[in-house]
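Numbering (my numbering), first residue to last: 189 to 878.
For each residue, glycine too, the CB sits at the ideal point set by N, CA and C.
Notes follow once the structure below has been shown.
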């Protein structure tokens with residue numbers, strides 16, 4: 189809303205008097221804004237709107253009439269009159285066609301009214317008229333391009349969205365929002381290489397704009413991922429104004445008092461995270477814990493998972509409509525002892541809520557495959573496979589462990605198993621499958637798959653369908669690799685129960701790298717489908733390895749990509765060899781760690797009480813965030829140099845070498861990671877360009 193700094197008092201404070209001044213053209217532009225804003229500030233927006241309406245009717249020749257129309261539109265929008273707001277914005281633009289804020293707001297109003305096409309056309313018209321413009325015009329042009337990209341992405345128009353976002357990036361490469369969506373779009377479309385710089389957008393710009401989640405799909409570099417999370421938190425979350433918040437102190441729990449635990453997530457519904465957590469919530473010991481659920485996602489009326497969760501928890505709160513500060517106040521008022529972040533840096537995350545520190549202890553668990561790199565996440569819950577003790581240096585949180593980091597719901601509904609013909613599969617072929625999202629398929633993983641298909645005559649690869657362009661792009665890549673494109677078969681979207689039923693039609697699941705299967709792996713193993721995987725260094729690259737181990741079939745864990753290729757070929761050429769593994773999966777199904785959800789829930793409760801005891805004793809861990817800007821710059825250098833690391837030792841030594849160079853140039857304090865005991869540069873460890 190346009191504001192004015194003038195502070196002269198309104199001569200006639202009553203509404204009737206103000207309306208009379210407006211009708212007789214004696215209410216100045218400045219006084220109009222002062223009165224309207226003062227009424228809006230105390231919740232009297234109807235009075236503010238009435239004054240704007242009357243002033244507009246009797247001041248049609250005023251040179252700043254377009255600004256009054258704009259403020260009027262904002263007030264109408266606050267009142268819920270979207271149609272009226274649209275009329276006012278269009279009147280504003282008739283008077284000043286290049287007024288950027290009106291173009292932006294009009295597009296948003298049209299989008300919110302369900303006419304996304306008109307919203308895009310509105311923003312495009314502004315983009316076209318501001319090809320050359322002032323600094324303010326360029327800013328609004330940037331916003332318009334970002335909105336176009338966002339809405340087109342949501343509508344599935346990925347190519348068009350990518351184009352709009354690239355225009356925004358070239359306009360302001362230092363602004364990371366457009367680049368964040370652009371790189372994620374490239375991954376979803378299997379466009380390789382993912383990052384392609386230009387004369388205006390450097391590789392550094394592209395890496396800087398990548399989200400932590402997209403980086404996990406791009407690079408198996410846990411130190412770089414830690415540093416990226418730290419920088420992302422600083423730029424997108426930061427330190428909020430906590431002046432109205434008192435720091436929560438731990439409550440001393442006496443015998444018989446329950447621990448109050450809050451789960452915060454946008455995914456407490458029919459979603460992979462919801463499927464994973466719903467039985468855990470049902471199994472929590474209500475004599476020990478009092479469970480609060482804070483839902484910050486989209487409305488989910490009639491959602492079966494959400495209904496089960498609401499029945500399982502002590503208190504359900506929908507905080508989607510609350511501001512971050514108000515949501516934090518609600519959590520603080522609820523006296524939560526342990527607050528669990530089940531989103532991390534994923535879609536619809538409300539990370540800023542945690543930045544207000546509404547609970548004494550904050551935990552990173554279940555929803556995000558990596559460290560938060562924040563000053564207010566104290567613990568991360570993982571398992572010994574995902575984060576072995578020697579890898580704790582890659583995480584800002586204190587690491588606590590459960591038996592397997594992937595909860596499942598043993599009550600999930602599974603439809604009747606279809607035939608291969610009904611699923612669009614050949615009856616007699618060996619079927620390799622991967623049901624991971626397209627964004628996880630890298631150029632290197634796909635090349636490994638093509639080597640496997642070339643060595644196994646008649647086999648097929650069964651993937652989840654993307655859009656038609658993405659499917660066709662992968663078929664063309666297969667053909668280029670010498671594989672007949674029809675050997676790639678795409679499974680259409682299906683309801684969860686039907687998808688689970690069809691999984692077992694495949695012979696062998698091929699995992700992706702560096703971001704492997706998570707809940708998808710648990711689904712496959714639950715249905716008796718073996719998974720071939722190999723671990724990396726980072727959380728996302730070790731998760732599937734953890735699930736396979738928890739299912740009791742560690743023989744499916746390979747040592748690296750070459751072993752993975754050879755084992756896949758061996759199984760396809762000798763399908764009987766898989767029979768023993770399938771039988772083992774079936775025999776261990778109900779006794780393996782993967783399905784021991786009562787034990788998982790019990791272990792979680794023990795960990796929550798451990799956190800509480802440490803908090804009461806003043807021992808809540810403090811995240812070590814020292815030198816992470818330096819680790820980030822080193823990570824960027826290593827990505828740009830395209831260095832391949834033969835093993836963990838070589839990887840760490842590459843960082844030590846770079847740290848030694850940095851320290852020699854400008855000494856910095858040691859930290860608890862690779863700079864723990866000083867630096868010794870070495871020329872060994874890296875294998876050169878990959």
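_Same chain, Cβ closer than 8 Å to residue 473, neighbours up to 5 away in sequence not counted_ = 789, 790 and 793, listed in sequence order.
*residue 202 to residue 242, Cα distance in whole Å?*
Residue 202 and residue 242 have their C-alpha atoms roughly 15 Å apart.
*Cutoff 6 Å; reference residue 463; Cβ partners in own chain excluding five residues on either side*: Cβ within range, chain order: 597.
*Taking the Cβ atom as the reference point for each residue, do residue 558 and residue 461 lie within a distance shorter than 8 Å?*
Contact flag unset, no.
*Is it the case that the Cβ atoms of residue 651 and residue 679 are separated by a distance below 8 Å?*
It is a contact, given that the beta carbons lie within the stated cut-off.
*Taking one C-beta from the region 575-585 and one from the region 600-608 each time, how about it: are there three or more such pairs within less than 8 Å?*
Fewer than three Cβ pairs drawn from the region 575-585 and the region 600-608 lie within less than 8 Å of each other, which leaves the two stretches out of contact.
*Could you say if the region 707-717 and the region 687-696 meet the contact criterion of at least three C-beta pairs nearer than 8 Å?*
Yes: the two stretches touch, three or more of their Cβ pairs being nearer than 8 Å.
*If you draw a straight line from the alpha carbon of residue 623 to that of residue 694, how long is it in whole angstroms?*
Those two C-alpha atoms are separated by around 11 Å.
*From residue 967 to residue 530, what distance separates their C-alpha atoms?*
Because the chain here runs from 189 to 878, residue 967 falls outside it and cannot be looked at.
_residue 478: first and last residue of the uninterrupted beta strand (DSSP E) it sits in_ = Counting along the chain, the beta strand (DSSP E) containing residue 478 begins and ends at 477-483.
*Any contact of the region 357-366 with the region 384-394, i.e. 3+ C-beta pairs under 8 Å?*
Remark: three or more beta-carbon pairs, one from each stretch, lie closer than 8 Å, so the region 357-366 and the region 384-394 are flagged as touching.
*asked:* Tell me the rounded alpha-carbon separation between residue 727 and residue 300.
replied: Distance between the alpha carbons of residue 727 and residue 300 is about 37 Å.
*Quick one: using the 10 Å Cβ neighbour count with 16 as the cut-off for buried, is residue 765 buried or exposed?*
The residue is exposed, with fewer than 16 neighbouring Cβ atoms inside 10 Å.
_Where residue 594 falls, given that 16 or more other Cβ within 10 Å makes a residue buried_ = Classification of residue 594: buried, given that the 10 Å Cβ count is 16 or more.
*Reduced DSSP category for residue 221 - H, G, I as helix; E, B as strand; rest coil*: Under the three-state reduction of DSSP, residue 221 is assigned to helix.
_By the three-class DSSP mapping on this structure, what secondary structure does residue 877 have?_
Here residue 877 scores only 34 on pLDDT, less than 50, and its place in the model should not be relied on; the value that follows carries that caveat. Three-state result, residue 877: strand.
*Run through the region 621-708 for me and flag every whole alpha helix (DSSP H) of 4 or more residues, listed as ranges in chain order.*
List check, alpha helix (DSSP H) in window: 631-642, 656-668 and 684-691.
*How close, in whole Å, do the beta carbons of residue 512 and residue 538 come, if the pair is a contact with beta carbons under 8 Å?*
About 6 Å separates the two Cβ atoms, so the contact holds.
*Kindly examine the ligand MG and report whether one of its heavy atoms sits closer than 7 Å to the Cβ of residue 812.*
The ligand MG is absent from the structure shown, which contains no ligands of any kind.
_Considering only the alpha carbon of each residue, which of 310, 341, 625 and 492 lies closest to residue 882?_
Since the first residue shown for the chain is 189 and the last is 878, residue 882 is missing from the structure and cannot be characterised.
*Please state if the CB of residue 456 and the CB of residue 417 are separated by a distance shorter than 8 Å.*
Between residue 417 and residue 456, the C-beta spacing is not below 8 Å.
*Quick one: what does DSSP say residue 719 is sitting in, helix, strand or coil?*
In the structure shown, residue 719 sits in a strand (DSSP, three-state: E or B).
*asked:* So, does the region 497-506 touch the region 727-742, judging by three or more C-beta pairs under 8 Å?
replied: In short, these stretches do not touch, since the Cβ pair count stays below three.
*Can you tell which of 421, 314 and 351 has its C-alpha closest to the C-alpha of residue 532?*
Minimum Cα distance to residue 532 is reached at 421.
*is_contact[residue 294, chain B] using C-beta, thresh 8 Å*: This model lacks chain B altogether, as it is built from one protein chain only.
*For the alpha helix (DSSP H) holding residue 240, just list the boundary residues, first then last.*
Where residue 240 is concerned, the enclosing alpha helix (DSSP H) stretches over 233-246.
*What are the boundary residues of the beta strand (DSSP E) that residue 503 is part of?*
First-last of the beta strand (DSSP E) with residue 503: 503-506.
_Where the alpha helix (DSSP H) containing residue 474 begins and where it ends_ = DSSP places residue 474 in no alpha helix (DSSP H); its state is neither H nor E.
*Are residue 217 and residue 254 touching if we call contact CB-CB under 8 Å?*
In this structure, residue 254 does not lie closer than 8 Å to residue 217 by Cβ.
*Starting from residue 552 and walking both ways along the beta strand (DSSP E), at which residues does that stretch end?*
Counting along the chain, residue 552 sits inside the beta strand (DSSP E) bounded by residues 549-552.
*asked:* Quick check on residue 529: does DSSP put it in helix, strand or coil?
replied: In the structure shown, residue 529 sits in a strand (DSSP, three-state: E or B).
*asked:* With DSSP as the reference, identify every bridge partner of residue 589, one or two as the case may be.
replied: Residue 589 pairs with 570.
*Just how far apart, CA to CA, sit residue 398 and residue 767?*
Taking the straight line joining both Cα atoms gives about 43 Å.
*Please name the residue in 619, 208, 663 and 223 whose C-alpha comes closest to that of residue 245.*
Checking every option, the nearest Cα to that of residue 245 belongs to 208.
_For residue 717 and residue 335, the rounded distance between their alpha carbons_ = Approximately 42 Å, taken between the alpha carbons.
*Residues that DSSP places opposite residue 450 in a beta bridge*: Partner(s): 480 and 527.
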